[in-house]
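S.K.: Let me begin by handing over the structure; questions about it come next.
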Amino acid sequence: MLKDKKLSAYAPSATRIRARFVAISWRDLAISFGPIILLILVGAWLVIWLIRPAPPSSITIAAGPKDSNFWRVAERYKTILARDGIKLDIVETGGSLDNLKRLADSDQDIDVGFVQGGLAGAVPADAMGSLVSLGSISYVPVSVYYRSASINAEGKPIPPLRQLSELAGKRIAIGGQGSGSSVLAATLLKANGVEAGGATQLLNIGGDEAAQALTSGKIDAAFLMGDSVSVATMGKLLRAPGIRLLDFSQAEAYVRRFRYLNTLKMPMGVFDLARNLPARDTQLIAPTAELVAREDLHPALSDLLIEAAHEVHGKANVMQKAGEFPAPLEHEYRISDDAARYYKSGKTFFYRTLPFWLASLLDRAVVIVLPVILLLIPGIRLVPMLYGWRVRSRIYRWYGELIALERGISRDSPQEQADILKRLDEIEMAVNRMKMPLAFADQFYVLREHIGFVRARLAAGVA
Numbered sequence: 045m046l047k048d049k050k051l052s053a054y055a056p057s058a059t060r061i062r063a064r065f066v067a068i069s070w071r072d073l074a075i076s077f078g079p080i081i082l083l084i085l086v087g088a089w090l091v092i093w094l095i096r097p098a099p100p101s102s103i104t105i106a107a108g109p110k111d112s113n114f115w116r117v118a119e120r121y122k123t124i125l126a127r128d129g130i131k132l133d134i135v136e137t138g139g140s141l142d143n144l145k146r147l148a149d150s151d152q153d154i155d156v157g158f159v160q161g162g163l164a165g166a167v168p169a170d171a172m173g174s175l176v177s178l179g180s181i182s183y184v185p186v187s188v189y190y191r192s193a194s195i196n197a198e199g200k201p202i203p204p205l206r207q208l209s210e211l212a213g214k215r216i217a218i219g220g221q222g223s224g225s226s227v228l229a230a231t232l233l234k235a236n237g238v239e240a241g242g243a244t245q246l247l248n249i250g251g252d253e254a255a256q257a258l259t260s261g262k263i264d265a266a267f268l269m270g271d272s273v274s275v276a277t278m279g280k281l282l283r284a285p286g287i288r289l290l291d292f293s294q295a296e297a298y299v300r301r302f303r304y305l306n307t308l309k310m311p312m313g314v315f316d317l318a319r320n321l322p323a324r325d326t327q328l329i330a331p332t333a334e335l336v337a338r339e340d341l342h343p344a345l346s347d348l349l350i351e352a353a354h355e356v357h358g359k360a361n362v363m364q365k366a367g368e369f370p371a372p373l374e375h376e377y378r379i380s381d382d383a384a385r386y387y388k389s390g391k392t393f394f395y396r397t398l399p400f401w402l403a404s405l406l407d408r409a410v411v412i413v414l415p416v417i418l419l420l421i422p423g424i425r426l427v428p429m430l431y432g433w434r435v436r437s438r439i440y441r442w443y444g445e446l447i448a449l450e451r452g453i454s455r456d457s458p459q460e461q462a463d464i465l466k467r468l469d470e471i472e473m474a475v476n477r478m479k480m481p482l483a484f485a486d487q488f489y490v491l492r493e494h495i496g497f498v499r500a501r502l503a504a505g506v507a
């Protein structure tokens, strides 16, 4: 029982609790907190305005002709991105050149596209500044197929072609309009002195159409590359009688002259061991295909695309080693900052451990919350100081009034003495109505004592 009485003596009553809140000057508190809250709101608004919004739920990729390598790759990307709820719209195009031009055109609704090396000069320089690379994803071998019998009329073997210059005077399919093949083929042929004119014909046909024209004898040679023809078509040409694949004997020279090219060595029989295709070691030249995007691509989508590229292109095949692609190889397009960060450190913690939608939400929340916290830390320290200064300033204001009244006590006029007393009463009433925080109670009661002191002097008529 005694214990209960002791506990009740220390337990705060409802009256005490209410007194604590009544003593708070809400106006001073609001004015003290106001600038800090305003600063936080402005800071949060600036952060939201400056940072990128939530990643869109769909993006558009420029691929190539249907059934081309690029088209098939885009379909695999679509399946992978769908796991994270991102819809990938695939746009059929003429090939790499068409992809690049659409990316460079701000009026086109294209976010990313496959572009082979060697095409940067085909678009205006100012448009190139808005494009970035997410990395190289594969080699795109320059495959030149040509018609040639294995033996001549005398029964002697016919040596294979070794240089592009030997195609002069022939009918050559360089690729369809809009394909990267057409631009690169024209560039390489020109470097070998082969240009349209006279008996030499450069025909803008590519893909399966060019392959059929070659096998039927309508053309003499064809440049076929991954952006415009399927692997199956290339395989058929390797097996077709009277069709040969050009061995680039000057491969090293091409790489020295065109920095976007690489050399590839195709071992004898690598495509078909039973038929020994190719029949000898063959050198090819190849630019790389790059995943090119507009610079405003959302960072989260950049990560997803590179992750998809790892899954699609990261394995070994006859053209590359395992883990060779994707790679941040900077040729004609600068590597985006987001891609460079991904290749260096991978996905951020949230995206590694959480579902994509939740990671995106938390990632943006952290960007907003951190600046708010940074503003709150000094604000929390500043508010009590500002609040205390405002309360003390009211007390000091009344002291100023008291000093002025005290100096007027020596006046002899009864009317003046009456006015001083009336003003002193008003001051006392105003002070009694003040909401005074408990932390300043001592100063409050000292002020009231001093009011009584001035009243006593007035009553005594002391000068």
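Going by the numbering used here, the sequence shown opens with residue 45, and the numbers climb by one from there.
Quick reminder that beta carbons are idealized off the backbone N, C-alpha and C, glycines included.
Since the model is a prediction, treat every value here as computed from it, not as a measurement.
1. Give me, in chain order, the residues of the same chain whose beta-carbon lies closer than 7 Å to that of aspartate 153; leave out the 5 immediate sequence neighbours on both sides.
2. Closest to serine 380 by C-alpha separation, out of Leu345, Lys365 and Asn361, would be which residue?
3. Using three-state DSSP, classify arginine 206 as helix, strand or coil.
4. Determine the closest residue to threonine 332 out of Glu368, Asp325, Ala318 and Phe315, with distance taken between C-alpha atoms.
5. Spatial neighbours of arginine 303 within its chain, please: CB distance less than 8 Å, with the 5 preceding and 5 following residues excluded, ordered by chain position.
6. Tell me whether tyrosine 387 sits in a helix, a strand or coil according to DSSP, three-state version.
7. From the DSSP output, in three-state form, read off asparagine 361 for me.
8. Suppose you measure from the CA of alanine 217 to the CA of arginine 146; what does that come to, to the nearest Å?
9. Tell me which same chain residues have a C-beta within less than 7 Å of the C-beta of serine 101, skipping the five on either side of it?
10. Here's the rule I'm using: 16 or more other beta-carbon atoms within 10 Å means buried, otherwise exposed. How should lysine 234 be labelled?
11. Enumerate in chain order the residues of its own chain whose CB-to-CB distance from glycine 222 is below 7 Å, with the five nearest sequence positions on each side excluded.
12. Using the Cα positions of aspartate 291 and phenylalanine 114, report the straight-line distance between them to the nearest angstrom.
13. Distance, Cα to Cα, glycine 251 vs leucine 258?
14. Taking only the alpha-carbon atoms, compute the straight-line gap between glycine 219 and valine 86 and give it to the nearest angstrom.
15. Could you compute how far the alpha carbon of leucine 232 sits from the alpha carbon of threonine 397?
16. Would glutamine 182 and glutamine 364 be called neighbours here (beta carbons separated by less than 9 Å)?
17. How many angstroms separate the CA atom of glycine 390 from the CA atom of arginine 378?
18. Quick one: grab the DSSP three-state call for isoleucine 523.
19. Under DSSP, the alpha helix (DSSP H) around glycine 496 begins and ends at which residues?
20. What are the boundary residues of the alpha helix (DSSP H) that methionine 393 is part of?
21. According to DSSP, is methionine 310 helix, strand or coil?
22. Pull up the DSSP beta-bridge partners for glutamine 327, would you.
23. Inspect the beta-carbon positions of phenylalanine 484 and valine 475 and report whether they are closer than 9 Å.
24. Who are the Cβ neighbours of leucine 465 in its own chain at under 7 Å, not counting the five residues just before and after it?
25. Taking the straight line between their C-alpha atoms, what separation do you get for serine 293 and tyrosine 189?
26. Taking only the alpha-carbon atoms, compute the straight-line gap between proline 372 and glycine 432 and give it to the nearest angstrom.
27. What's the C-alpha gap between isoleucine 453 and arginine 434?
28. What do you reckon, are the CB atoms on lysine 214 and alanine 169 nearer than 9 Å?
29. For the beta strand (DSSP E) containing alanine 266, list its first residue and its last residue.
30. Per DSSP, which residues does leucine 426 bridge with? Please list them.
31. What does the alpha-carbon distance come out to for the pair glycine 261 and leucine 228?
32. Can you pull the DSSP bridge partners for aspartate 155?
33. What does DSSP give as the partner residues of glutamate 334 in its beta bridges?
34. Ordered along the chain, which non-local residues of its own chain (more than five positions away) have a Cβ less than 7 Å from that of lysine 309?
35. Ordered along the chain, which non-local residues of its own chain (more than five positions away) have a Cβ less than 8 Å from that of alanine 352?
36. Take valine 362 and list the residues in its own chain whose beta-carbon comes closer than 6 Å to its own, dropping the five residues that flank it on each side.
M.R.: Let me lay it out:
1. Position 109 of the sequence shown, counted from the start, is the residue given in the question as residue 153. Once the five neighbours on either side are set aside, the close Cβ partners of aspartate 153 are Thr104.
2. Here the question's residue 380 lines up with position 336 in the sequence shown. If we check each option's Cα against that of serine 380, Leu345 comes out closest.
3. The sequence position of residue 206 within the sequence shown is 162, counting from 1. Reduced to three states, the DSSP call for arginine 206 is coil.
4. Locating residue 332 in the sequence shown gives position 288, where the first residue counts as 1. The candidate whose alpha carbon is nearest that of threonine 332 is Glu368.
5. Taking the sequence shown and counting its residues from 1, the one referred to as residue 303 is at position 259. Only His375 meet the Cβ criterion.
6. In the sequence shown, counting from the first residue as 1, residue 387 sits at position 343. Residue state, collapsed to three classes: helix.
7. For the purposes of this step, residue 361 is taken as residue 317 along the sequence shown, with counting starting at 1. Strand.
8. If you number the sequence shown from 1, residue 217 lands on position 173. If you number the sequence shown from 1, residue 146 lands on position 102. Taking the straight line joining both Cα atoms gives about 24 Å.
9. Walking along the sequence shown from the start, residue 101 turns up at place 57. Correct list, in chain order: Gly129, Ile130 and Lys131.
10. Indexing the sequence shown from 1 puts residue 234 at position 190. Exposed, because fewer than 16 other Cβ atoms sit within 10 Å of the Cβ of lysine 234.
11. Sequence index remark: in the sequence shown, residue 222 carries index 178 (1-based). Counting only Cβ-Cβ distances below 7 Å, and skipping sequence neighbours, we find Thr137, Gly138, Gly139, Leu141 and Asp142.
12. The residue you call residue 291 lines up with position 247 of the sequence shown. The residue you call residue 114 lines up with position 70 of the sequence shown. Going from the Cα of aspartate 291 to the Cα of phenylalanine 114 covers about 24 Å.
13. Along the sequence shown, read from residue 1 onward, the residue named residue 251 stands at position 207. Along the sequence shown, read from residue 1 onward, the residue named residue 258 stands at position 214. Roughly 11 Å separates the two Cα atoms.
14. Here residue 219 corresponds to residue number 175 of the sequence shown, with the count starting at 1. Here residue 86 corresponds to residue number 42 of the sequence shown, with the count starting at 1. Between glycine 219 and valine 86, the C-alpha separation is close to 56 Å.
15. In the sequence shown, counting from the first residue as 1, residue 232 sits at position 188. In the sequence shown, counting from the first residue as 1, residue 397 sits at position 353. Spanning the two alpha carbons is a distance of roughly 48 Å.
16. Taking the first residue of the sequence shown as position 1, residue 182 is located at position 138. Taking the first residue of the sequence shown as position 1, residue 364 is located at position 320. In the sequence under discussion, the amino acid at residue 182 is serine, which differs from the glutamine named in the question. Against a cut-off of 9 Å, the Cβ pair of glutamine 364 and serine 182 comes out as a contact.
17. On the sequence shown, residue 390 is found 346 positions in, with the first residue counted as 1. On the sequence shown, residue 378 is found 334 positions in, with the first residue counted as 1. Near 19 Å, if we compare the C-alpha coordinates of arginine 378 and glycine 390.
18. Missing from the structure shown is residue 523; the chain here goes from 45 to 507 and no further.
19. Taking the first residue of the sequence shown as position 1, residue 496 is located at position 452. Its alpha helix (DSSP H) spans residues 485–504.
20. As a position in the sequence shown, residue 393 is number 349, starting the count at 1. In the sequence as presented, methionine is not what sits at residue 393; that position holds phenylalanine. It spans 393–397 - the alpha helix (DSSP H) in which phenylalanine 393 sits, taken as one unbroken run.
21. Here residue 310 corresponds to residue number 266 of the sequence shown, with the count starting at 1. In this structure, methionine 310 counts as strand in the three-state DSSP scheme.
22. The residue you call residue 327 lines up with position 283 of the sequence shown. Its beta-bridge partners are Lys309.
23. Within the sequence shown, the letter at position 440 stands for residue 484. Within the sequence shown, the letter at position 431 stands for residue 475. No; because the gap between Cβ atoms is not below 9 Å, this pair is not in contact.
24. Locating residue 465 in the sequence shown gives position 421, counting from the first residue. Contacts found: Leu502.
25. Taking the first residue of the sequence shown as position 1, residue 293 is located at position 249. Taking the first residue of the sequence shown as position 1, residue 189 is located at position 145. About 15 Å.
26. Indexing the sequence shown from 1 puts residue 372 at position 328. Indexing the sequence shown from 1 puts residue 432 at position 388. Roughly 58 Å between the two C-alpha positions.
27. By one-based count along the sequence shown, residue 453 stands at place 409. By one-based count along the sequence shown, residue 434 stands at place 390. When rounded, the distance between both Cα atoms is 30 Å.
28. By one-based count along the sequence shown, residue 214 stands at place 170. By one-based count along the sequence shown, residue 169 stands at place 125. Cβ distance not < 9 Å, so lysine 214 and alanine 169 don't count as in contact.
29. If you number the sequence shown from 1, residue 266 lands on position 222. Where alanine 266 is concerned, the enclosing beta strand (DSSP E) stretches over 265–268.
30. In the sequence shown, the residue the question calls residue 426 occupies position 382. Note: leucine 426 sits in no beta bridge, so no partner.
31. Indexing the sequence shown from 1 puts residue 261 at position 217. Indexing the sequence shown from 1 puts residue 228 at position 184. Approximately 24 Å between the Cα atoms of the pair.
32. What you label residue 155 is simply residue 111 of the sequence shown in a count that begins at 1. In DSSP, aspartate 155 forms no bridge with anything.
33. For the purposes of this step, residue 334 is taken as residue 290 along the sequence shown, with counting starting at 1. The partner list for glutamate 334 (beta bridge, DSSP) reads Val159 and Ser180.
34. Counting from 1 along the sequence shown, the entry for residue 309 is found at position 265. So the list reads Asp325 and Gln327, once near-sequence residues are dropped.
35. Working through the sequence shown from its first residue, we reach residue 352 at position 308. Within the same chain, alanine 352 has close Cβ partners Arg120, Tyr121, Ile124 and Leu125.
36. For the purposes of this step, residue 362 is taken as residue 318 along the sequence shown, with counting starting at 1. Counting only Cβ-Cβ distances below 6 Å, and skipping sequence neighbours, we find Val314.
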